[in-house]
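Working notes, beginning with the structure itself.
2 protein chains.
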Amino acid sequence: MGSPEEDTPRLKDLTIDNITDNVKAINDQGSDPRLKYILERAVQHIHDFARETRLSHQEWMTGIQFLTAVGQKCTDVRQEFILLSDILGLSLLVESIDHPKPAASTEGTVLGPFHSHDVHDEPNGAVISHDPDGEPCLVVCSIKDTDGKPVDDVKIDIWEADSHGFYDVQYAGRDGPDQRAVMRSGKDGVFWFKAIVPVPYPVPADGPVGKLLGLLGRHAYRPSHMHFMFEKPGYDHLITALYLRGSKYEHTDAVFGVKESLLIDLKPVDAEMAKKYDVKEGTKLISYDFVLVSEEDSRKLREKNAMAAMEKLGRRMKLYKGLPVPDVD
Amino acid sequence: MGSPEEDTPRLKDLTIDNITDNVKAINDQGSDPRLKYILERAVQHIHDFARETRLSHQEWMTGIQFLTAVGQKCTDVRQEFILLSDILGLSLLVESIDHPKPAASTEGTVLGPFHSHDVHDEPNGAVISHDPDGEPCLVVCSIKDTDGKPVDDVKIDIWEADSHGFYDVQYAGRDGPDQRAVMRSGKDGVFWFKAIVPVPYPVPADGPVGKLLGLLGRHAYRPSHMHFMFEKPGYDHLITALYLRGSKYEHTDAVFGVKESLLIDLKPVDAEMAKKYDVKEGTKLISYDFVLVSEEDSRKLREKNAMAAMEKLGRRMKLYKGLPVPDVD
């Protein structure tokens, strides 16, 4: 091995046509095969994008300034790059690739930018929304595995907007978490709590991503929904949400999260349930049976899908830590 | 026309396979055909990138955090996104696409992140570097058009690093511009000044882009060079640089800027020149004849190249403000 200077590719007189292969070559000197593959594909696509659009210097500078503004809009409680990924459909795509769901299990959807770790553990039955303007809503759900057996002690993250369409983290003067909780499923796989009926709301539209939505003639709204995240060792991590059927924006969600299987109808609580859960008869009810897939089944399906996709690309690949890399042996 | 809600595509049950077309469809509602085409290609490439890498949620989050850090590293005098574009070869590619040069004219190269508008006008003959540690260098150049005629009154931006490899803007306590100037060519197309011999230096490597270079096993160095930018109405804007032949990193420039036609050899000033330009005999000399292409010729070549590239893509396109967009009529 000579010095790095001698070993690297010769990079001179690069043109529109030869630059991509040479940038790939100089990026191929690291030791992590997965990082090298990711960079190889990133460089190919970024360069193809510039060639196919004949990107002008002025447009390039507009892009540089846009990405800079997106980065600078990010704070501890706001992630504008996730929002950008959301409105371009990348977030849902990555979720679909990374967490494939066998037919029998609950589908996943976008995490969104409002999940927070600043949240309290709550027991079943807790009131998790203290918004006086919200319409009360009882939520009673169960968690099962793909064999139909209840799954207990699942860690469940729940978060929703308030009746004005804002999450707690969007208020400058907030003094703690609200409209969110972490709870655990009981022995029967059931978890339940008291919240408010979700309402539609816009994603934060006062930053560069909101401006882009405007230029594209798109609205910033999401249909009414409540977020859920499920974690238990041995089960595939499930990020999902329940959407109210018939909600405005059901068909035009700004972040592409709605799935038929995740649509629910609000029902009124009957006399028996009202007594059991200590709510007024007629209170709105959200009820859903979530089905978790095992980590093993999810991994197998993800790896099978990955290799099938690689075969379609016509490239000789192998798995490295469960993810595809070129098979150069 | 109904409400926006009714007009937009129906976006539900999106999958790995159908999400791209649907995101493209909802992005296609704006009025600017060029923005729509750019977004269409961006979405295609971002989604293809995720599909071809089977991008994991964790890798996606690493990417989100990386881009956020790049944005947050930017200040008034530091542009980390331009640096990222530079080290991925995008900057040189865009420059090549936007400013094609007929064979007879001077090639362009990367602008780099250190051009500054905080610069003084200087007359010909000015000393533009006040670095006491720099090796003095006389620079005498001419500017001609492609017919060989001198071009006078061209606005010329010149900037270089000091002898320690830093630009003025990289010093926290700087009290004004140094190693940079704006001057004008004389009636004979000549401009000249006194500077220092350029030295190799690393691009700023203390941020996220420097960290990426490290992970890729790449060094951060550029070979010795001096930047030039030429502007005159009627002539294509020329961003270029002269590189010292034989400089370390000549073949491994971290930002891919070196071109054979831009390599120069330092020569010693002879007795006659020493007298004429009032420098010591034997002082290092940089001399180069720059050739500017007319705006008209550059535009024609750019548009011809664009349409040829579009034809290769097999897509029916037309020019809109000189840039390709789909021909949907």
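Order-wise, the sequence lines are chains A and B. All residue numbers for the first sequence refer to UniProt numbering, where the first residue is 1 and numbers rise by one. All residue numbers for the second sequence refer to UniProt numbering, where the first residue is 1 and numbers rise by one. The beta carbon of each residue, even a glycine, is placed where N, CA and C say it ideally should be. As the structure is a prediction and not an experimental result, all values here were calculated from the model.
Min CB distance residue i to chain A below 8 angstroms
i               : result
D13 of chain B  : yes
N27 of chain B  : yes
V209 of chain B : no
C74 of chain B  : yes
G314 of chain B : no
I196 of chain B : no
E231 of chain B : no
V23 of chain B  : yes
A42 of chain B  : yes
H227 of chain B : no
Beta-carbon contacts of residue i that lie in its chain and below 7 angstroms, excluding the five residues immediately before and after
i               : result
T20 of chain A  : V43, Q44, H47
L14 of chain B  : N22
S298 of chain A : H99, P100, D236
G186 of chain A : N124, D152
Three-state class that DSSP yields for residue i in the structure shown
i                      : result
A161 of chain A        : coil
Y171 of chain B        : coil
K144 of chain A        : strand
P268 of chain A        : strand
H225 of chain B        : strand
L14 of chain B         : coil
P233 of chain B        : coil
V23 of chain A         : helix
P204 of chain A        : coil
V70 of chain B         : helix
residue 345 of chain B : Examination of residue 345 of chain B is not possible in this model, given that chain B is present from 1 through 329 alone.
T62 of chain A         : helix
L216 of chain A        : coil
Residue i - containing alpha helix (DSSP H), residue span
i               : result
I38 of chain B  : 33-53
E295 of chain B : 295-313
L319 of chain B : Here L319 of chain B belongs to no alpha helix (DSSP H); instead the beta strand (DSSP E) covers 317-320.
L84 of chain B  : 80-87
Endpoints, beta strand (DSSP E) assigned at residue i
i               : result
D289 of chain B : 284-292
Y243 of chain B : 238-244
K194 of chain B : 190-196
A181 of chain A : 180-184
L92 of chain B  : That residue, L92 of chain B, is in no beta strand (DSSP E); its alpha helix (DSSP H) goes 90-98.
L323 of chain B : 323-326
Interface flag, residue i vs chain B, CB-CB below 8 angstroms
i               : result
W159 of chain A : no
V151 of chain A : no
L35 of chain A  : yes
P102 of chain A : no
T106 of chain A : no
A308 of chain A : no
H117 of chain A : no
L285 of chain A : no
E296 of chain A : no
F81 of chain A  : yes
L138 of chain A : no
W192 of chain A : no
R10 of chain A  : yes
V293 of chain A : no
D48 of chain A  : yes
L301 of chain A : no
H57 of chain A  : yes
R54 of chain A  : yes
P324 of chain A : yes
Cut-off 8 angstroms between Cβ atoms - residues of its own chain near residue i, not counting five sequence neighbours on either side
i               : result
K300 of chain B : none
N27 of chain A  : K36, L39, E40, V43
P200 of chain A : G165, Y221, R222, P223, S224, S247, K248, Y249
Beta-carbon contacts of residue i that lie in its chain and below 6 angstroms, excluding the five residues immediately before and after
i               : result
Q79 of chain A  : P113
K318 of chain B : D327
V140 of chain B : W192, S287
Contact test: residue i Cβ vs the ligand ADP heavy atom, cutoff 7 angstroms
i               : result
W192 of chain B : Absence of the ligand ADP from the depicted structure is noted, as is the absence of any ligand whatsoever, leaving it without description.
Residue-level contact to chain E via CB, residue i, 8 angstroms cutoff
i               : result
E311 of chain A : Looking at the structure shown, chain E is missing, and the protein chains on hand are A and B.
Give the residues from the region 238-249 of chain A that approach chain B closer than 8 angstroms (Cβ to any Cβ), ordered along the chain. Those residues of the region 238-249 of chain A that come within reach of chain B (Cβ to Cβ, closer than 8 angstroms) are K248, Y249.
When you check each C-beta in the region 253-272 of chain B against every C-beta of chain A, which residues fall closer than 7 angstroms? D253, F256, V258, K259, E260
Cβ-based contacts, 8 angstroms cut-off: residues of the region 85-100 of chain B near chain A: Hits within the stretch, in order: S85, L88, G89, L90, S91, L92, L93, V94, E95, S96, I97, D98, H99.
Which residues, taken in chain order from the region 121-134 of chain B, show a beta carbon closer than 7 angstroms to some beta carbon of chain A? none
Beta carbons nearer than 8 angstroms to chain A: which residues of the region 160-177 of chain B have them? none
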